[in-house]
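Using the UniProt record's numbering, read the sequence shown as starting at 1 and increasing by one per residue.
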Amino acid sequence: MQRILQPGEIESLDRIEFPRVRLPQPAVLFTERAARLRQKADGHPIADYLRFLAALVDLQAQAAATVATQPVAEAVIAQSLDHGMPVLPAPLRPDPAWLGVLRQLLAGVLALQDLPQALRQNAQALAARGDAELEALAQAFLTDQATPAELAAQPLVMAALQVVYADIASRLDTQRIAYVDPASICPVCGSAPVVSVLRIGGEAGGHRYLHCGLCATEWHMVRVKCSHCESTKGVRYQGIEGGDPAVLAETCDECHTYRKQVNQEKDPLVEPLADDLASLTLDLLMADTAYARASGNPLLALASGEPSGEDLETQDA
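Structure, rendered in structure tokens:
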């Protein structure tokens, strides 16, 4: 005879049957991201920038193979579990290894052939800064307090920080990562997710995860719940008519924000950050709606646009 499970038991089984947290694998994370950026660049309006980012991500992969970060102290992990807080909140000073990674990335960028002059000048300006200046710049980006004049440096600085935070996150124990409040922030570094992703295959198949733009950790959040305010009311999905069905804007009528959702069920090759960058047309169309983007992409300082939102196609959740 089969027994009917009670709600609490169902939730308990859910936690067993699929991973609550998926930690990054730097050895494949950056190579897969670079490959997807190159794939999406073909025929794209911002193809040159996507190819530049692909080259930058290649350099991240090289740095990730040699970076040496400090392990997280046991006392820090215990405090995180006791207080339900992220393991390494991003506003704290990042591991010093990030500065070496940034210098390595800058050298690689400046060695690229056919690098646009504006990007070359930006990299040269960063390379000329002292460590204290770069530390201050990193803090400005991590706390979302950068000035408009500093935004041009964001992709390079954040690329270095991504390597370090992903390396640290990859060596954590998923069983010792706290449930944090709000559930919409990364349980490892406390950053906002870039997108949510519907995964296929393995234990994570069929489940939605929020993808951290800093450390690349993914954490589960049930579908049909706003990934920003966690409301289940007025959540809808909007896409461009005739556009990529694997990338939709999840809008919320409670907090009036949106965040993209990328769907491996529609395209198995989707990569969260790459597909977000490659779907900027959707952001431009959303700029003419009542919804503001909940969080940005660390590899891009998104500019506002003025196109009409009439081409958006809305689906109820």
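The C-beta atom is built at its ideal place from N, Cα and C for all residues, glycine as well.
Sort out for me which residues DSSP pairs Q121 with in a bridge. DSSP, once it has assigned bridges, lists no residue as partnering Q121.
So, are the CB atoms of Q154 and L198 less than 8 Å apart? In this structure, L198 does not lie closer than 8 Å to Q154 by Cβ.
Could you tell me which of S227, L53, N297, R176 sits nearest to P116, measuring between CA atoms? L53
Considering Cα atoms alone, identify which of H83, M158, D58, W98 is closest to L112. Distances from the alpha-carbon of L112 to those of H83, M158, D58, W98 put D58 closest.
First and last residue of the alpha helix (DSSP H) that includes V109? 97 to 110
Helix or strand or just coil, what does DSSP make of L13? With a pLDDT of only 46 at L13, under the threshold of 50, the placement of this residue in the model should not be trusted, and no figure is reported.
Exposure of P182, with buried meaning 16 or more beta-carbon neighbours within 10 Å: exposed
Taking only runs of the beta strand (DSSP E) that begin and end inside the UniProt domain "FdhE central" (185 to 223), which ones reach a length of at least 3 residues, in chain order? 193 to 198, 208 to 212, 218 to 220
Can you tell me the Cα-Cα spacing of L156 and K266, whole angstroms? 31 Å
How would you call S196, buried or exposed, if buried means at least 16 neighbouring beta carbons within 10 angstroms? buried
Is there at least one non-hydrogen atom of the ligand MN closer than 7 Å to the beta-carbon of L88? No copy of the ligand MN occurs in the structure displayed, which carries no ligand at all.
For a quick check, are the C-beta atoms of C215 and A166 less than 8 Å apart? Less than 8 Å separates the beta-carbon of C215 from that of A166.
Quick check: what's the CA-CA separation for R20 versus L99? C-alpha separation (whole angstroms): 32 Å.
Residue(s) in a DSSP beta bridge with Q261: S196, L248
How would you call Q175, buried or exposed, if buried means at least 16 neighbouring beta carbons within 10 angstroms? exposed
Which residues in the same chain have their Cβ closer than 7 Å to the Cβ of R33, if we skip the five residues on either side of it in sequence? Around R33: V57, E271, L273, A274.
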